[in-house]
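Read in order, the letters of the sequence shown are residues 11 to 486 in this note's numbering.
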Amino acid sequence: MLFRSIITTASAVAALLSMPDRVVSAEWTWKWTPATNAVAPQVEVAPFQYGKRWAYALEIDDGPKGTATVVQPLLAEFSYTDAPPGVSGGKSRPFVGGAALIVSSTGTGNSTGLTWDEVRTLRDQGWGIISHSYFHAGRSWGTPPEILTPEQFRNDLFWSQTVFATEVGDGRAPTHFVYPNGYTDYRSHLNEFGLRSGSRVGTKFPQDVYDAKLDPLDLGRTYLDTKPWESNGKGEPMHQFPKDGPKDGSAHIDFTHGIDADKESDAYKRWHTRLSTIANTYGSGGKDDVWVAPTGDIFDYVAARKAAKVDVDAGSVTVTLPDDLPGSRLTLRMTGVPAGATVPADSGAVLYRDGDTAWLTTPMIGLPGAPQPSPNVKRIYTGEIKDLTWDKPVSIAAVRLMQTGPVMENFELQIDAAHEGKSVSIIEDDQRKLSRAWGRWLLFSTVPNRDGVPATSLHVSPNKALKTMEVWAVEE
Numbered sequence: 011m012l013f014r015s016i017i018t019t020a021s022a023v024a025a026l027l028s029m030p031d032r033v034v035s036a037e038w039t040w041k042w043t044p045a046t047n048a049v050a051p052q053v054e055v056a057p058f059q060y061g062k063r064w065a066y067a068l069e070i071d072d073g074p075k076g077t078a079t080v081v082q083p084l085l086a087e088f089s090y091t092d093a094p095p096g097v098s099g100g101k102s103r104p105f106v107g108g109a110a111l112i113v114s115s116t117g118t119g120n121s122t123g124l125t126w127d128e129v130r131t132l133r134d135q136g137w138g139i140i141s142h143s144y145f146h147a148g149r150s151w152g153t154p155p156e157i158l159t160p161e162q163f164r165n166d167l168f169w170s171q172t173v174f175a176t177e178v179g180d181g182r183a184p185t186h187f188v189y190p191n192g193y194t195d196y197r198s199h200l201n202e203f204g205l206r207s208g209s210r211v212g213t214k215f216p217q218d219v220y221d222a223k224l225d226p227l228d229l230g231r232t233y234l235d236t237k238p239w240e241s242n243g244k245g246e247p248m249h250q251f252p253k254d255g256p257k258d259g260s261a262h263i264d265f266t267h268g269i270d271a272d273k274e275s276d277a278y279k280r281w282h283t284r285l286s287t288i289a290n291t292y293g294s295g296g297k298d299d300v301w302v303a304p305t306g307d308i309f310d311y312v313a314a315r316k317a318a319k320v321d322v323d324a325g326s327v328t329v330t331l332p333d334d335l336p337g338s339r340l341t342l343r344m345t346g347v348p349a350g351a352t353v354p355a356d357s358g359a360v361l362y363r364d365g366d367t368a369w370l371t372t373p374m375i376g377l378p379g380a381p382q383p384s385p386n387v388k389r390i391y392t393g394e395i396k397d398l399t400w401d402k403p404v405s406i407a408a409v410r411l412m413q414t415g416p417v418m419e420n421f422e423l424q425i426d427a428a429h430e431g432k433s434v435s436i437i438e439d440d441q442r443k444l445s446r447a448w449g450r451w452l453l454f455s456t457v458p459n460r461d462g463v464p465a466t467s468l469h470v471s472p473n474k475a476l477k478t479m480e481v482w483a484v485e486e
C-alpha cells in the first residue's frame, strides 16, 4: 500500500540518514521512564502485523470499475481488529484488497475501467496498488508464444513504475507484481525496478511466508473467476481454502477479475459467503487472528522483519531498517515494559497489553513502496494534442497518447522533436500504424533503453481518435 507521508513525532522518530560511506537506515524509537533498577524488556518482532497468526489478501486484476463500486464496499462489510488474538479492545479495521492495474488501460475515460481518482481513493481506503505491467504483453503459450525482449521488459516496467509513482505514490511505486498472462519471464527484471514479490496462478498456495525455500517472486493464488469457480471449484464457496484452517505463518491469496454487482446472483452470494466465513472464523467475529492486507504489504512486512535490528534498554526500544527495503509498520511483542508506559496518541503507534506482555505496532518506518526508477523523469505537459515549444531545451523521455477509437487506414503517426535545426523522430517506423483501440494509453519512449532526445519543439500529428497527450522529460 502506498502512503502520502511518514508519521514523525518527538517520541517516535523515523529518520533517514543519507551521509556517504555509511549504512543508510530508517529508524524509530519509543522511550519511557524506567523504574529504579529496571532491566531491559525482552522484545521480538511478531511474524505478522498486529501479532496476527496468518494473512489474507485478495487481488482484483486488470482494474475494472467494479473494484471501486462493488468489491471495496463488499470487503468493507467485514473486519478484524488491530489487537493481537485474544486481547480485547482492538480497533476495528475493514477488510481491504489490492488493485492489480494495467497502466495502459487505467485513466483512459473508458467507463469500464478505473480512473486515477478512483485508484487514489482506493489507496486512501487502505487498498494496495499492484503493478500488472504497462502493456499486459508477453506469454509463454500460444502458437507462436509472445516472447518479449529484455528491452521490452525494461521499457514496460520502467514506465509502469514511473506512472504509478506519479499518479498514486508521490514518487514511490508498488512493490508487488501480478504476472500478465502468467508470463514469468518478467521475473528476472522485477528487482531492478523495486518489485520484490510476484503472484500467479499455477504454483503452490497458501504459502509459509518464512519458509526458506519460498520464492516471493513466485507466489501462488486461488483463481476465483465465476466460470472456473463453477466448473473446477464446483461452486463451493470455500474452494481451495484450507479445510483445517490456515497454518501459522501462512499467507493465502485469492484473485479474480471482478465480482458480480448483482447481490442476488450466485456469484455475489458465493463471494459473500467466502468472505463472511473468513471474517466470522478468523476476523473480529471469531478468533481475530488474521491480518487482511494487500499482498505487497504482507511481503514488505516479512522482508522488514527479517532485516530489522532491534536495540532495547530499560527505558527505550529502537527499530532500524535498511533503507534499501520498502518501509513497513512492525509489531513488537515485549515482556517487562512498565505498566505506565504509553505511546503518544498522535504517534501512529498502537499499544495493547495482556498481563506482563505488550504488543506495540510502530508507525511506518522508512519510505513505503519502491523508488521511482532512474533516470528520474517527470510529466511536463498534459492536454490536447498540439505542437509544443520550449524556451530552453528539454530532454524528451516519452510521449503518451490516449486513443479512444479507430484511426483511418492511411493514417501514419508522427512524433518529431526538433533542436538546433535538427529533427529526430521519437517513434520507430513500425509504430506509425495504429491498430483499433477503445481506451488505452499508447507509449512512445526513448528512456530507459535510449537517451532522452533534446528538443525545443515537438510535433505530433493529430487524429480524432487521439484525445489527450502527455510529454515526459528527463529531470536535470
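Virtual Cβ for every residue (Gly too), placed ideally from N, Cα, C. The model shown is predicted, which means the values in this text are computed figures rather than measured ones.
In the DSSP output, what is residue i paired with across the bridge?
{"i": "L68", "result": "D264"}
{"i": "R149", "result": "E156"}
{"i": "G123", "result": "P74"}
{"i": "E54", "result": "R343"}
{"i": "S286", "result": "Paired residue(s): none; S286 is not in a bridge."}
{"i": "K41", "result": "S326"}
{"i": "T478", "result": "M412"}
{"i": "L370", "result": "L342 and L361"}
{"i": "H186", "result": "S207"}
{"i": "P256", "result": "Partner(s): none; P256 has no beta bridge."}
{"i": "R389", "result": "W482"}
{"i": "A93", "result": "The partner list for A93 (beta bridge, DSSP) is empty, contrary to what the question assumes."}
Would you kindly report the start and end of the unbroken alpha helix (DSSP H) that includes residue i?
{"i": "A313", "result": "T305 to A317"}
{"i": "A501", "result": "In the structure as shown, the chain begins at 11 and stops at 486. Residue 501 is therefore absent and cannot be evaluated."}
{"i": "K237", "result": "T236 to S241"}
{"i": "R197", "result": "R197 to L200"}
{"i": "P83", "result": "Q82 to A86"}
Return the chain-ordered list of same chain residues with a C-beta closer than 7 Å to the C-beta of residue i, the five sequence neighbours on each side being excluded.
{"i": "R32", "result": "Here R32 scores only 34 on pLDDT, less than 50, and its place in the model is too uncertain to base an answer on."}
{"i": "T345", "result": "P51, Q52, D366 and T367"}
{"i": "K402", "result": "none"}
{"i": "T266", "result": "I70, L234 and D235"}
{"i": "F454", "result": "A408, V409, I425, I436, I437 and Q441"}
{"i": "P155", "result": "R149"}
{"i": "K443", "result": "E422"}
{"i": "S89", "result": "S102, R103, P104, F105, A289, G293 and S294"}
{"i": "I139", "result": "L12, A109, L111, V129, R133, F174, V178 and P184"}
For the candidate residues the options, whose alpha-carbon lies nearest to that of residue i?
{"i": "L490", "options": "G358, L158 and Q135", "result": "The displayed coordinates of the chain run from 11 to 486. Any statement about residue 490 would go beyond what the structure contains."}
{"i": "A447", "options": "M412, E480 and I390", "result": "M412"}
{"i": "F187", "options": "Q162, H142, D426 and D228", "result": "H142"}
{"i": "K388", "options": "P378, V409, T371 and W369", "result": "V409"}
{"i": "D356", "options": "L342, A349, P373 and R343", "result": "P373"}
{"i": "V470", "options": "T194, V219 and I437", "result": "I437"}
{"i": "A380", "options": "K223, P184, L342 and L285", "result": "P184"}
{"i": "S384", "options": "P44, R164 and E87", "result": "R164"}
{"i": "M418", "options": "S433, W451, V463 and L476", "result": "L476"}
{"i": "T46", "options": "E54, W400, G255 and A324", "result": "A324"}
{"i": "E246", "options": "D272, A349, L285 and A428", "result": "L285"}
{"i": "A317", "options": "T330, L370 and R133", "result": "T330"}
{"i": "R342", "options": "P348, R460 and Y362", "result": "Here residue 342 turns out to be Leu, not Arg, going by the sequence shown. For the residues P348, R460 and Y362, the minimum Cα distance to L342 belongs to Y362."}
{"i": "I523", "options": "Q171, D258 and E54", "result": "What is shown of the chain runs 11 to 486, which leaves residue 523 out entirely."}
{"i": "P458", "options": "S275, G181, G119 and Q162", "result": "Q162"}
{"i": "R315", "options": "Q59, G255 and S433", "result": "Q59"}
{"i": "A351", "options": "V327, L398, E486 and N386", "result": "V327"}
{"i": "G204", "options": "G181, K214 and R210", "result": "G181"}
{"i": "K253", "options": "P216, G117 and S433", "result": "P216"}
{"i": "A303", "options": "H282, K62 and Y144", "result": "K62"}
{"i": "S35", "options": "K214, L124 and D333", "result": "D333"}
Who are the near neighbours of residue i in its chain, counting only those whose CB is closer than 6 Å to its CB and skipping five residues on each side?
{"i": "T232", "result": "Q250 and D264"}
{"i": "A313", "result": "L335"}
Since residue i and residue j should fall inside the 8 Å C-beta cutoff, what is the C-beta to C-beta distance between them, to a whole number of angstroms?
{"i": "S294", "j": "T91", "result": "5 Å"}
{"i": "Y292", "j": "V300", "result": "4 Å"}
{"i": "Y189", "j": "G208", "result": "6 Å"}
{"i": "G376", "j": "L335", "result": "7 Å"}
{"i": "G268", "j": "P57", "result": "About 32 Å; that fails the 8 Å criterion."}
{"i": "E394", "j": "M479", "result": "7 Å"}
{"i": "A67", "j": "I308", "result": "6 Å"}
{"i": "P348", "j": "P44", "result": "7 Å"}
{"i": "V463", "j": "V434", "result": "5 Å"}
I need the boundaries of the beta strand (DSSP E) containing residue i, first residue and last residue.
{"i": "A324", "result": "Note, A324: premise wrong, no beta strand (DSSP E); not H, not E."}
{"i": "L398", "result": "L398 to Q413"}
{"i": "S209", "result": "S207 to R210"}
{"i": "L453", "result": "R450 to S455"}
Do residue i and the ligand FMN come close, with the Cβ less than 7 Å from some heavy atom?
{"i": "A313", "result": "No copy of the ligand FMN occurs in the structure displayed, which carries no ligand at all."}
Which same chain residues end up closer than 8 Å to residue i when comparing Cβ atoms and leaving out the 5 residues on each side of it in sequence?
{"i": "V23", "result": "Confidence at V23 is low in this model, with a pLDDT of 35, below 50, so its placement is unreliable and no value can be given for it."}
{"i": "G212", "result": "G192 and G230"}
{"i": "A271", "result": "G76, T79, V80 and Y278"}
{"i": "K398", "result": "In the sequence on display, residue 398 carries Leu and not Lys. Closer than 8 Å at Cβ, skipping near neighbours: Y391, S467, L468 and V481."}
Are any of the Cβ atoms in chain C nearer than 8 Å to that of residue i?
{"i": "K316", "result": "Of the protein chains in this structure there is only one, and it is not chain C."}
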